[in-house]
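Protein sequences, first through last, are from chains A and B.
The opening residue of the first sequence carries number 1 in UniProt numbering; numbering runs sequentially from there.
The opening residue of the second sequence carries number 1 in UniProt numbering; numbering runs sequentially from there.
Ideal Cβ placement from N, Cα and C applies to all residues, glycine included.
As structure tokens, the structure follows; a few thoughts come after it.
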Amino acid sequence: MKIKHQLAIFNALTRLLVILILWLMLPILVQNVVYHHINNSLLEKKKKFIEHLNQEEINDFIENPDDSTETFSEFSTLHSEFLVLSRVPIKPHQKKTTFTNEFRKIENEESEYRILQHHFTYEGEYYQLEIGSSLSEVNDLTFVIRFFILIVFVVILFITFLADTFYIEYLLKPFYKIIDTKIRRVNEPETFDHTPIKALSRDFRELDFVLNQMMDRISEVFKKEKQFISNVSHELLTPIALLKTKLENLLQNESLDDNAFDKIAGSLKTLDMLKKIINNLLLISRIDNNQYEANEEINLKEIVSDLQEDLQDRIDDREIEFVNKMQNSFAFLGNKTLIHILIYNLVTNAIKYNKPNGSIIVEDGFTTDHYFILVKDSGIGMDESQLEKIFSRFARISSDQEGQGLGLAIAQSIASFHHVEITVESELGKGTSFGLWFQKPIKS
Amino acid sequence: MNILIVEDNRELALEVYDFLCNAGYVCKIAHTCADALEEFNSNDYNAMLLDLGLPDGDGFEVLQTVRKTKSKMAVIVLTARGELDDRINGLHLGADDYLTKPFALTELSARLFAVIRRIHGFTLNNLSINGFVLQLQDYKVSFNEQPINLTKKEFDIFQYLVLNKNRVITRLQLTEHIWGDILEVNSDSNFIDVHVRNLRKKLDKHAPIDWFETVRNVGYRINE
Numbered sequence: 001m002k003i004k005h006q007l008a009i010f011n012a013l014t015r016l017l018v019i020l021i022l023w024l025m026l027p028i029l030v031q032n033v034v035y036h037h038i039n040n041s042l043l044e045k046k047k048k049f050i051e052h053l054n055q056e057e058i059n060d061f062i063e064n065p066d067d068s069t070e071t072f073s074e075f076s077t078l079h080s081e082f083l084v085l086s087r088v089p090i091k092p093h094q095k096k097t098t099f100t101n102e103f104r105k106i107e108n109e110e111s112e113y114r115i116l117q118h119h120f121t122y123e124g125e126y127y128q129l130e131i132g133s134s135l136s137e138v139n140d141l142t143f144v145i146r147f148f149i150l151i152v153f154v155v156i157l158f159i160t161f162l163a164d165t166f167y168i169e170y171l172l173k174p175f176y177k178i179i180d181t182k183i184r185r186v187n188e189p190e191t192f193d194h195t196p197i198k199a200l201s202r203d204f205r206e207l208d209f210v211l212n213q214m215m216d217r218i219s220e221v222f223k224k225e226k227q228f229i230s231n232v233s234h235e236l237l238t239p240i241a242l243l244k245t246k247l248e249n250l251l252q253n254e255s256l257d258d259n260a261f262d263k264i265a266g267s268l269k270t271l272d273m274l275k276k277i278i279n280n281l282l283l284i285s286r287i288d289n290n291q292y293e294a295n296e297e298i299n300l301k302e303i304v305s306d307l308q309e310d311l312q313d314r315i316d317d318r319e320i321e322f323v324n325k326m327q328n329s330f331a332f333l334g335n336k337t338l339i340h341i342l343i344y345n346l347v348t349n350a351i352k353y354n355k356p357n358g359s360i361i362v363e364d365g366f367t368t369d370h371y372f373i374l375v376k377d378s379g380i381g382m383d384e385s386q387l388e389k390i391f392s393r394f395a396r397i398s399s400d401q402e403g404q405g406l407g408l409a410i411a412q413s414i415a416s417f418h419h420v421e422i423t424v425e426s427e428l429g430k431g432t433s434f435g436l437w438f439q440k441p442i443k444s
Numbered sequence: 001m002n003i004l005i006v007e008d009n010r011e012l013a014l015e016v017y018d019f020l021c022n023a024g025y026v027c028k029i030a031h032t033c034a035d036a037l038e039e040f041n042s043n044d045y046n047a048m049l050l051d052l053g054l055p056d057g058d059g060f061e062v063l064q065t066v067r068k069t070k071s072k073m074a075v076i077v078l079t080a081r082g083e084l085d086d087r088i089n090g091l092h093l094g095a096d097d098y099l100t101k102p103f104a105l106t107e108l109s110a111r112l113f114a115v116i117r118r119i120h121g122f123t124l125n126n127l128s129i130n131g132f133v134l135q136l137q138d139y140k141v142s143f144n145e146q147p148i149n150l151t152k153k154e155f156d157i158f159q160y161l162v163l164n165k166n167r168v169i170t171r172l173q174l175t176e177h178i179w180g181d182i183l184e185v186n187s188d189s190n191f192i193d194v195h196v197r198n199l200r201k202k203l204d205k206h207a208p209i210d211w212f213e214t215v216r217n218v219g220y221r222i223n224e
């Protein structure tokens with residue numbers, strides 16, 4: 001998931017959380033405000049009632065001949081309010097004014113009321129006054145408020161989410177540009193684009209600046225390395241050429257005795273080895289230094305059959321059976337010379353470490369993500385400790401075998417240059433199998 | 001045949017010079033770009049061996065200048081191996097061939113022979129040795145007009161030895177000539193023997209070939 005999406009989602013979630021808490025707290029808040037308001041109005045009414053109180057009125061209220069309960073009740077027409085005054089025989093415990101929420105049935109209609117209860121003494125008599133105000137309307141109102149606020153919140157959430165997404169996208173644009181045009185091309189310092197990226201945030205400008213600086217240094221190193229490699233090639237190989245020509249000319253001398261002749265021939269062989277080691281090391285350096293183009297269309301099936309032809313003499317010489325089971329034509333872009341060397345090295349390795357009358361099988365196939373080539377031999381195999389170091393330079397598989405152990409190091413350099421994975425499986429005494437795993441092109 | 005050797009390493013230039021003079025060429029040495037161009041302008045050369053790393057410039061500059069003239073001179077570029085761009089460049093600018101350092105002198109003479117034969121319009125089509133005739137354009141060999149069937153590799157080996165007759169050719173040189181620059185270190189080159197053995201058997205049927213020598217365990221030589 002990209003950072004812009006993560007940020008937008010995170011923002012939306014935190015906002016949602018705040019809104020949820022607010023929404024849950026809303027009834028309590030509303031109730032507090034509303035109750036406070038009702039309480040005040042009830043107190044106001046009580047005050048008026050008490051101020052205008054006299055015995056006559058009390059008697060008017062209470063001494064209704066039809067009513068034995070000594071209670072007076074009065075309702076507003078819509079039952080939104082009521083007032084009850086009753087004479088109580090004993091002095092009640094609580095003296096203060098209290099507020100409660102209770103359900104009352106008034107004229108067969110039950111509903112919730114906020115009720116003020118007040119006890120007082122008037123001319124030696126104890127009275128209880130109750131003033132109620134209906135809560136049903138308030139409850140309705142609270143519900144409506146909650147509903148509307150919910151809608152408002154949802155709208156706010158949606159709008160801010162969109163705004164966030166666009167703003168984050170806008171802010172991060174330079175960042176993605178840096179990734180696309182710079183970081184992805186770190187491996188090709190020659191083609192690196194040094195134009196500064198315009199960014200609103202200072203962080204990105206700094207990042208871009210540092211990246212440019214870093215790339216300057218890398219390309220400097222790359223250039224120096226290239227120069228070095230080229231110098232090494234010329235400065236080392238010219239004296240070798242000189243020695244080689246001298247020794248070859250010397251070999252033609254008729255007056256040489258056999259001993260001297262053999263020594264010169266031996267020197268030529270050593271010189272040849274030296275040349276090859278230098279060339280191999282230079283090859284690895286050149287690959288790692290990105291000096292090769294990778295824009296040729298490569299047909300692997302063709303390469304394997306070419307190789308078979310090239311190596312037939314050596315295969316026959318070792319009396320090995322070479323089985324070419326390549327069936328698929330998988331083409332990809334790369335460097336043909338290098339891929340040729342890569343497969344050549346794997347096959348010659350399979351020849352070198354094979355047993356007499358052994359076999360080499362080259363086969364290919366597809367998995368869901370990859371195209372693969374396997375080079376299997378029925379050779380001497382390797383144990384795990386040998387397997388670990390076969391791709392490192394100058395690692396020899398067994399001490400009694402010749403070779404300078406650069407072939408597989410080269411193979412790995414070439415593979416990673418082409419973003420191809422190279423794998424190896426081996427069983428001691430049974431054989432080894434090298435695999436090359438090519439990424440299938442992404443269908444767009 | 002006049003050949004101009006352009007090489008800044010004096011010793012190497014001299015070795016090549018000696019070798020080519022022995023092979024019957026008339027040679028001259030130049031150590032710098034300037035010398036090379038001066039020589040080129042003042043004398044007629046059939047071929048030029050051109051080293052790329054010269055003290056006063058890049059060998060390509062010489063090549064470019066030469067190709068701007070009407071000269072038909074063959075140019076063989078000598079370069080340190082692997083500078084692939086250089087090779088492609090060289091062939092684009094009109095080099096006729098390239099050899100990577102360190103090269104075998106015998107390989108140089110074989111390439112020189114091929115290049116010169118090409119610029120002369122393939123007028124030289126036969127090589128003969130002790131009664132055997134090599135037909136270069138169709139890779140055939142005959143003895144007293146009797147054809148001998150050789151494989152491509154056998155023919156190449158035979159031709160290489162004939163072109164460098166009276167010289168010891170090591171197995172390594174032969175292997176490199178036939179299979180190219182094998183990168184593999186210490187690749188054993190015994191399989192070349194199989195081809196040589198077959199070649200000899202085929203030639204031996206027609207005439208004794210005691211002039212086709214095996215020189216100790218090192219290589220081969222054809223004497224004339």
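Measure from the C-beta of residue i to each C-beta in chain B and report whether the shortest distance is under 8 Å.
i, result
"leucine 307/A", "no"
"serine 433/A", "no"
"serine 378/A", "no"
"asparagine 249/A", "yes"
"isoleucine 240/A", "yes"
"lysine 246/A", "yes"
Which residues in the same chain have their Cβ closer than 6 Å to the Cβ of residue i, if we skip the five residues on either side of it in sequence?
i, result
"arginine 146/A", "Leu26"
"histidine 434/A", "Looking at the sequence shown, residue 434/A is not histidine but phenylalanine. Counting only Cβ-Cβ distances below 6 Å, and skipping sequence neighbours, we find Leu346, Val375 and Val424."
"serine 68/A", "Per-residue confidence for serine 68/A stands at a pLDDT of 47, beneath the threshold of 50, marking its modelled position as unreliable; the derived number appears in the next sentence. Once the five neighbours on either side are set aside, serine 68/A has no close Cβ partner at all."
"leucine 17/A", "none"
"tryptophan 437/A", "His370, Phe372 and Glu421"
"residue 481/A", "Residue 481/A lies beyond the range of chain A shown here (1 to 444); nothing can be said about it."
Return yes when the Cβ of residue j is within less than 8 Å of the Cβ of residue i, no when it is not.
i, j, result
"residue 492/A", "asparagine 345/A", "Residue 492/A lies beyond the range of chain A shown here (1 to 444); nothing can be said about it."
"isoleucine 76/B", "leucine 112/B", "yes"
"valine 62/B", "alanine 36/B", "yes"
"leucine 307/A", "isoleucine 414/A", "no"
"leucine 22/A", "serine 133/A", "no"
"proline 189/A", "methionine 215/A", "yes"
"arginine 104/A", "tyrosine 35/A", "no"
"alanine 110/B", "leucine 174/B", "no"
"threonine 170/B", "glycine 121/B", "no"
Does residue i have its Cβ less than 8 Å from a Cβ in chain A?
i, result
"aspartate 18/B", "yes"
"phenylalanine 158/B", "no"
"alanine 104/B", "yes"
"tryptophan 179/B", "yes"
"threonine 69/B", "no"
"phenylalanine 113/B", "no"
"leucine 12/B", "yes"
"leucine 161/B", "no"
"valine 196/B", "no"
"arginine 216/B", "yes"
"threonine 32/B", "no"
"glutamate 15/B", "yes"
"alanine 80/B", "yes"
Thinking C-alpha only, which one of the options is nearest residue i?
i, options, result
"aspartate 181/B", "Phe166/A, Asn249/A and Lys276/A", "Lys276/A"
"arginine 200/B", "Ile3/B, Lys153/B and Glu184/B", "Lys153/B"
"alanine 114/B", "Ala34/B, Ala47/B, Leu78/B and Leu63/B", "Ala47/B"
"tryptophan 211/B", "Gly131/B, His195/B, Ser109/B and Trp179/B", "Gly131/B"
"threonine 98/A", "Glu293/A, Ile341/A, Gln6/A and Ile131/A", "Ile131/A"
"asparagine 289/A", "Ile218/A, Leu141/A, Ile115/A and Phe148/A", "Ile218/A"
"asparagine 299/A", "Asn249/A, Asn335/A and Arg393/A", "Asn335/A"
"histidine 79/A", "Leu135/A, Val33/A and Tyr122/A", "Leu135/A"
"leucine 93/B", "Lys68/B, Val26/B, Ile116/B and Cys33/B", "Lys68/B"
By Cβ distance, which residues of its chain are closer than 8 Å to residue i, with the 5 residues on each side in sequence left out?
i, result
"isoleucine 240/A", "Leu271, Leu274, Lys275 and Ile278"
"glutamine 412/A", "Phe391 and Ile422"
Once the 5 residues before and after residue i are set aside, which same chain residues still bring their CB inside 7 Å of it?
i, result
"alanine 350/A", "Ile360, Val375, Asp377 and Gly379"
"alanine 207/B", "Gly131 and Phe143"
"isoleucine 410/A", "Asn280, Leu283, Ile284, Ile341 and Asn345"
"isoleucine 129/B", "Val162, Lys165, Ile222 and Glu224"
"asparagine 32/A", "none"
What are the residues in the region 251-277 of chain A lying within 8 Å of chain B by C-beta distance? Per Cβ criterion, the list reads Leu251, Gln252, Asp258, Phe261, Asp262, Ala265, Leu268, Lys269, Leu271, Asp272, Met273, Lys275, Lys276 and Ile277.
Taking only beta carbons into account, state which residues of the region 46-61 of chain B come closer than 9 Å to chain A, listed in chain order. Look at the region 46-61 of chain B: the residues with a C-beta under 9 Å from a C-beta of chain A are Asp51, Leu52 and Gly53.
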